[in-house]
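A.B. asks: Handing you a structure now.
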Amino acid sequence: MSRPALGCTRYGKTWIFYRTTEMGRACEIRAIDVSEAGNPVEYIVTGFNMGTLELAINTNTLMEDNQLLMLATRGAIGYADPAYSRYTNEPGYLLMAVMP
Numbered sequence: 008m009s010r011p012a013l014g015c016t017r018y019g020k021t022w023i024f025y026r027t028t029e030m031g032r033a034c035e036i037r038a039i040d041v042s043e044a045g046n047p048v049e050y051i052v053t054g055f056n057m058g059t060l061e062l063a064i065n066t067n068t069l070m071e072d073n074q075l076l077m078l079a080t081r082g083a084i085g086y087a088d089p090a091y092s093r094y095t096n097e098p099g100y101l102l103m104a105v106m107p
């Protein structure tokens, strides 16, 4: 499991974002709305394999625009493979999603 990233919106919502390879949740980036005490609501933000990388969230965009903006990259997937080059061309994406 990645270290969770926390963020708030100007509408009073508090979010926890994470990804994990456990519990059948591999290749998913998830968000939990923890705004209401005792009533967390979990969402799948997207299906994307980030390997073992941590999430990078722009919390300013979340606070100001109620939009999740994050860097999505496959990073070092396969780094243990002997044929893996130290500096491979890896695509990077900006994920933007309007939060409920």
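Residue numbering for the sequence shown follows this note's numbering, starting at 8 and increasing by one per position. Note that CB positions come from ideal geometry on N, CA and C, so glycine has one too.
#1: Might you give, ordered along the chain, the residues of its own chain that have their beta carbon closer than 7 Å to the beta carbon of Glu35, omitting 5 neighbours on each side?
#2: Should Ile64 and Gly31 be called a contact, given that it needs their Cβ atoms to be closer than 9 Å?
#3: Give a yes or no on whether the C-beta atoms belonging to Ala38 and Met103 are separated by under 9 Å.
#4: In whole angstroms, give me the CA-to-CA distance for Lys20 and Gln74.
#5: Consult DSSP for Leu69 and reduce its assignment to one of helix, strand or coil.
#6: Let's test the definition: count the other Cβ atoms within 10 Å of the Cβ of Thr16 and tell me whether it reaches 16, buried, or not, exposed.
C.D. replies: Per the coordinate set shown:
#1: Arg26, Ile51 and Gly54
#2: no
#3: no
#4: 12 Å
#5: helix
#6: buried
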